[in-house]
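Undergrad: One structure follows; several queries about it will come next.
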């Protein structure tokens, strides 16, 4: 959904923050090449965000 929003000319610059803007799934199928550096960056970002969410979840009182 984010990519379709960023495809419009008004929000084209916002599309650069999307992880899928930097990932080419057809390169694996067509050229048989896998971007290990890009996968490592996406994995690290995902891990960092999950750890941040877990940390914030433990600190926030959900009852109030």
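In this note's numbering, the protein residues as written are 63 to 126.
Ideal Cβ placement from N, Cα and C applies to all residues, glycine included.
Here the structure is a predicted model, which means the values were calculated and not measured.
For residue 89 versus residue 95, is the C-beta distance shorter than 9 Å?
TA: As a position in the chain shown, residue 89 is number 27, starting the count at 1. As a position in the chain shown, residue 95 is number 33, starting the count at 1. Yes, they are a contact pair.
Undergrad: Look at the Cβ atom of residue 81, then the Cβ atom of residue 104, and state whether they are nearer than 9 Å.
TA: Locating residue 81 in the chain shown gives position 19, counting from the first residue. Locating residue 104 in the chain shown gives position 42, counting from the first residue. Yes, the pair counts as a contact, with Cβ atoms nearer than the cut-off.
Undergrad: Going straight from the alpha carbon of residue 91 to that of residue 75, what length do you get?
TA: Counting from 1 along the chain shown, the entry for residue 91 is found at position 29. Counting from 1 along the chain shown, the entry for residue 75 is found at position 13. Near 28 Å, if we compare the C-alpha coordinates of residue 75 and residue 91.
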